[in-house]
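Asker: Below you'll find the structure I mean.
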Amino acid sequence: TSLYQSLRARGLSNHVAWRVSFAIVPAPVLIFVAVLTLIYGTDHPAGKWSERHSVPATEIEIEQGHDGHDDRDEKLDEKGVGDTSVTVHPVQKIAAIDVAVNERLTIKAAFKILASPVTWLPALAYLTTFGVELAIDSQMSNVLFALYSKKIHGFNQTTAGYYTSIFGFLNLVTRPLGGYVGDLLYRSFGTRGKKVWTLLCGLIMGAALIGGGFYIEDHRTPTKSPSLATIMGVFSLAAIFSEF
Numbered sequence: 263t264s265l266y267q268s269l270r271a272r273g274l275s276n277h278v279a280w281r282v283s284f285a286i287v288p289a290p291v292l293i294f295v296a297v298l299t300l301i302y303g304t305d306h307p308a309g310k311w312s313e314r315h316s317v318p319a320t321e322i323e324i325e326q327g328h329d330g331h332d333d334r335d336e337k338l339d340e341k342g343v344g345d346t347s348v349t350v351h352p353v354q355k356i357a358a359i360d361v362a363v364n365e366r367l368t369i370k371a372a373f374k375i376l377a378s379p380v381t382w383l384p385a386l387a388y389l390t391t392f393g394v395e396l397a398i399d400s401q402m403s404n405v406l407f408a409l410y411s412k413k414i415h416g417f418n419q420t421t422a423g424y425y426t427s428i429f430g431f432l433n434l435v436t437r438p439l440g441g442y443v444g445d446l447l448y449r450s451f452g453t454r455g456k457k458v459w460t461l462l463c464g465l466i467m468g469a470a471l472i473g474g475g476f477y478i479e480d481h482r483t484p485t486k487s488p489s490l491a492t493i494m495g496v497f498s499l500a501a502i503f504s505e506f
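With this note's numbering applied, the sequence shown covers 263 to 506.
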């Protein structure tokens, strides 16, 4: 935001200033991370990504340290007239390993995947959480500026951007904390516990967003504005459970 305001002060239009800001800061960072991933990242757990369809599951198992041998004891009972003796012979038996090969994606298989509820459920969950976060990050500064630029002295676009940046910085805490809570729930309640937690987070996020919207609508008048602290608190709550 500060860079954007600086470019605007130098005479650039709104249309150009934000594009130049993106080219100066986010774009180089993204390119740098992409180069690091290209250099140091693992192409594919089973080898080259281009050869993923030609690697049998047997080779993957061997590469991961599974030799496919099963040690068992063969016991033979030899019963006599007055006594019983047991002879134990160790046997090395090679267990059968699945040798299926990954299938290439076809149009028919793609449509089947897209039509499956198992595909849409996590996709919609991601859309309504990360999508909400992106919407807040991109538009909240405009909302705050419209509400308080004429009501609070010195409240400009930069100030609104600083307040909005809080939602982004919450990721430093909410992302690892959400993963930790999810792991704890999985240990105690399994997959069902994580499902319930996901639904609960979504409900709290949705309730906070709806409540915040009604609060702004009910308290916005020509002579009065809604409380800035209340708005930040309500939407921060929504952001926290969105990022969990």
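Cβ coordinates follow ideal geometry from the N, Cα and C atoms, glycine included. Bear in mind the structure is a predicted one, so any value in this text is a computation, not a measurement.
1. Using only the alpha-carbon positions, how far apart do V463 and A377 sit?
2. Go ahead and label T436 buried or exposed: buried means 16 or more other beta carbons lie within 10 angstroms of its beta carbon, across all protein chains shown.
3. Could you check which residue in N433, A491 and V287 has the C-alpha nearest to that of F392?
4. Just reading off the alpha helix (DSSP H) that N276 is part of, what are its end residues?
5. From I466 to T304, what does the alpha carbon distance come to, in whole angstroms?
6. What is the DSSP secondary structure of L446, counted as helix, strand or coil?
7. Go ahead and label G474 buried or exposed: buried means 16 or more other beta carbons lie within 10 angstroms of its beta carbon, across all protein chains shown.
8. Tell me the rounded alpha-carbon separation between I414 and T368.
9. State the start and end residues of the unbroken alpha helix (DSSP H) segment that holds S427.
10. For F373, I'd like the list of residues in its chain whose CB is within less than 8 Å of its CB, leaving aside the five on either flank, ordered along the chain.
11. If we call anything under 8 Å between Cβ atoms a contact, is L265 one with V297?
12. Since P384 is in the alpha helix (DSSP H), which residue starts that stretch and which ends it?
13. Please return the same chain residues whose Cβ sits closer than 7 Å to the Cβ of V282, not counting the five positions on each side in sequence.
14. Which residue's Cα is closest to the Cα of L383: A469, A491, T492 and T460?
15. What are the start and end residues of the alpha helix (DSSP H) that includes S264?
16. Can you tell me where the alpha helix (DSSP H) with F503 in it begins and where it stops?
Answerer: With the structure as the only source:
1. Looking up residue 463 in the sequence shown gives position 201. Looking up residue 377 in the sequence shown gives position 115. Note that residue 463 is Cys in the sequence shown here, rather than Val. Each residue's alpha carbon lies about 26 Å from the other.
2. Position 174 of the sequence shown holds residue 436. Per the 10 Å Cβ criterion, buried.
3. Taking the sequence shown and counting its residues from 1, the one referred to as residue 392 is at position 130. The option with the nearest alpha carbon to F392 is N433.
4. Stepping through the sequence shown from its first residue, residue 276 is reached at position 14. In the DSSP assignment, N276 falls within the unbroken alpha helix (DSSP H) covering N276 to I286.
5. Position 204 of the sequence shown, counting from 1, holds the residue named residue 466. Position 42 of the sequence shown, counting from 1, holds the residue named residue 304. Between the alpha carbons of I466 and T304 lies a distance of about 38 Å.
6. In the sequence shown, counting from the first residue as 1, residue 446 sits at position 184. In the displayed model, L446 falls within a helix according to three-state DSSP.
7. Position 212 of the sequence shown, counted from the first residue, corresponds to residue 474. Note on G474: 16 or more other CB atoms within 10 angstroms of its CB, so buried under the neighbour-count rule.
8. On the sequence shown, residue 414 is found 152 positions in, with the first residue counted as 1. On the sequence shown, residue 368 is found 106 positions in, with the first residue counted as 1. Going by the C-alpha atoms only, they are around 59 Å apart.
9. By one-based count along the sequence shown, residue 427 stands at place 165. Residues Q419 to F431.
10. In the sequence shown, residue 373 corresponds to position 111, counting from 1. Cβ neighbours of F373 beyond the five flanking positions: none.
11. Translated into the one-based positions of the sequence shown, residue 265 becomes position 3. Translated into the one-based positions of the sequence shown, residue 297 becomes position 35. Contact flag unset, no.
12. Against the sequence shown, residue 384 aligns to sequence position 122. First-last of the alpha helix (DSSP H) with P384: P379 to Y410.
13. Position 20 of the sequence shown, counting from 1, holds the residue named residue 282. Only L269 and L274 meet the Cβ criterion.
14. Numbered from its first residue, the sequence shown carries residue 383 at position 121. Residue T460 is the option with its Cα nearest to L383.
15. Within the sequence shown, numbered from 1, the residue matching residue 264 stands at position 2. Looking at the DSSP string, the run of the alpha helix (DSSP H) that includes S264 is S264 to A271.
16. The count along the sequence shown starts at 1 and reaches residue 503 at position 241. L490 to E505 is the span of the alpha helix (DSSP H), which, as asked, contains F503.
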